[in-house]
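Here is the structure we will look at, set down as structure tokens.
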Amino acid sequence: MIQTERLFNNQEIWQNKLKILIVEDNLINQKIIQKIITKAGFGCSIASNGKEALKALENDDYDIVLMDIQMPEMDGIEATRIIRNPASNVKNHAIPIIAMTAHAMKGDREMCIAAGMNDYASKPIQPQELFKKLEKQISLNNKTIE
311 MIQTERLFNN
321 QEIWQNKLKI
331 LIVEDNLINQ
341 KIIQKIITKA
351 GFGCSIASNG
361 KEALKALEND
371 DYDIVLMDIQ
381 MPEMDGIEAT
391 RIIRNPASNV
401 KNHAIPIIAM
411 TAHAMKGDRE
421 MCIAAGMNDY
431 ASKPIQPQEL
441 FKKLEKQISL
451 NNKTIE
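See the structure below:
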């Protein structure tokens with residue numbers, strides 16, 4: 311069993327009950343990521359594609375998005391570009407977005423960052439790596455808010 315509270319260097323982040331939007335079309339991956347997130351004590355919702363993610367971000371407040379890249383209807387790159395567009399109806403255009411992808415080819419990370427994503431995690435998702443990336447993005451976001 312993973313001791314999630316030990317994975318965070320910053321205790322303030324551990325105490326902050328994050329609300330995370332998981333955008334993933336694969337049901338098995340949804341369940342795995344959801345289990346990692348909920349075991350850490352954070353809340354989460356699931357969207358199965360980019361269109362569902364946009365609706366969720368228009369209707370609810372989230373602290374961070376975990377975004378798959380390849381999905382039906384609308385992929386993660388297109389969804390991210392829309393989220394970052396000030397003309398879109400999402401509540402927070404600056405929300406941290408972490409790409410999740412099985413693609414580990416050269417240039418994939420750069421493509422995600424160029425689309426407006428803040429970070430990149432390779433699948434299969436490793437809890438330790440995910441928590442480090444969450445901590446980094448929330449720390450950066452808190453600094454820009456203060």
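Under our numbering, the sequence shown has 409 at position 99, and the numbering climbs by one with no breaks. Backbone N, C-alpha and C fix where the C-beta goes; we use that ideal spot for every residue, glycine too.
According to the Cβ coordinates, are Gln340 and Ile356 closer than 7 Å? yes
Taking 6 Å as the limit between beta carbons, can you name the residues of its chain near Glu383, skipping five residues before and five after? Asn359, Lys361
Please name the residue in Phe352, Lys349, Asn399 whose C-alpha comes closest to that of Glu368. Asn399
Where Ile374 sits in the DSSP three-state scheme: strand
Given a cut-off of 7 Å on the beta-carbon distance, is the pair Thr390 and Ile407 in contact? yes
Mapping DSSP to helix, strand and coil, what is Ile393? helix
Where does Gly353 fall in DSSP's three states? strand
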